[in-house]
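Numbering-wise (the working numbering), the sequence shown opens with residue 161 and increments by one. So the structure is just underneath, and the comments pick up after that.
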Amino acid sequence: MTPDNPGLQNELTRRHRTATLVVAGFLVLDIALVAIAFFAIDRIFRPGDPARDAGLVMGLWIAVLVFGLGAFVTRRTKFAAMRLKDVAAVKGLSGLLKTLQDTTMQVACIGGAVALMGFVITILTGDWTNMLRAGGVSAIVLIYCFPFRSAWERVVLQLGRDE
């Protein structure tokens, strides 16, 4: 399959659109959770045992850190030039596009999980700024994994010539 094949261009368009919608959806979720935390903190706060909640909150913050850093490592590892070259050689350009889409969606899901952990921290602590911090981490992850069509096209053109 050559890079200028209309079927490949249609697949590129379809997979890119799907990945973009997933990332944009998680960004909207992130913004909505920050807004809910800001405007409805009095209604969502659920006080409990302070000793138990402190340990849970600290564990969630550690998870936010690990997920945030893990998203960067995952994307860098799966989008490494040699790995993408091997995927294109073994699975073809269609498999390459599937890899680009799947990796983007996986990293976006990690960003969404960070936002949800921040919301749980906000529910436990009653402090909306916790959601703001976790929402910031989530937004950074989601912006980092945003799929640029020109980059995808460049990868397909470059690796399509090597086939």
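Note that beta-carbon positions come from the ideal geometry of N, C-alpha and C, so glycine has one too. On a predicted model such as this, the values are computed, not experimentally measured, just so you know.
Residue i (DSSP reduced to helix, strand or coil)
i: Asn-290; result: helix
i: Ala-273; result: helix
i: Asn-170; result: helix
i: Pro-210; result: helix
i: Phe-279; result: helix
i: Met-161; result: Since pLDDT at Met-161 reaches only 46, below the 50 mark, its modelled position is unreliable, and the value read off the structure follows with that caveat. Coil at Met-161, not helix or strand.
Euclidean distance between Cα positions of residue i and residue j
i: Asp-190; j: Thr-180; result: 15 Å
i: Ala-195; j: Thr-178; result: 26 Å
i: Ala-192; j: Asp-202; result: 16 Å
i: Asp-262; j: Gly-208; result: 39 Å
i: Val-316; j: Ile-222; result: 37 Å
i: Leu-253; j: Glu-171; result: 10 Å
i: Gly-167; j: Thr-173; result: 10 Å
i: Thr-259; j: Ala-275; result: 24 Å
i: Trp-312; j: Leu-257; result: 8 Å
i: Gly-308; j: Val-224; result: The question names Gly, yet the displayed sequence has Phe at residue 308. C-alpha separation (whole angstroms): 26 Å.
i: Val-280; j: Gly-215; result: 13 Å
i: Gln-318; j: Arg-175; result: 18 Å
Selected residue, minimal CA-CA separation from residue i, among the options
i: Val-267; options: Gly-230, Ser-254 and Val-315; result: Gly-230
i: Arg-236; options: Ala-249, Arg-212, Pro-210 and Thr-264; result: Thr-264
i: Arg-293; options: Ala-197, Thr-234, Cys-305 and Arg-314; result: Ala-197
i: Thr-282; options: Asn-290, Pro-210 and Leu-276; result: Asn-290
i: Leu-220; options: Leu-319, Leu-172 and Gly-278; result: Gly-278
i: Ala-184; options: Leu-253, Cys-305, Val-217 and Ser-310; result: Cys-305
i: Phe-227; options: Ala-273, Leu-187 and Phe-199; result: Ala-273
i: Ala-249; options: Asp-213, Arg-174 and Arg-321; result: Arg-321
i: Leu-284; options: Ile-204, Pro-307, Asn-165 and Glu-313; result: Ile-204
i: Leu-187; options: Pro-210, Arg-175 and Ile-270; result: Ile-270
i: Ala-200; options: Gly-215, Leu-319 and Gly-286; result: Gly-286
i: Trp-288; options: Trp-312, Leu-225 and Arg-206; result: Arg-206
Contact test: residue i Cβ vs the ligand FAD heavy atom, cutoff 7 Å
i: Val-217; result: As far as ligands go, the structure on display features none, and thus does not contain the ligand FAD.
Checklist entry - Is the region 287-304 in contact with the region 236-245, if contact means three or more CB pairs nearer than 8 Å? => result Using a C-beta cut-off of 8 Å, the region 287-304 makes no contact with the region 236-245, since fewer than three inter-stretch Cβ pairs fall below that distance.
Item to check | Those runs of the alpha helix (DSSP H) which lie wholly inside the region 173-243 and span at least 4 residues | outcome: The DSSP assignment places complete alpha helix (DSSP H) segments of no fewer than 4 residues inside the region 173-243 at 201-204 and 210-238, in order along the chain.
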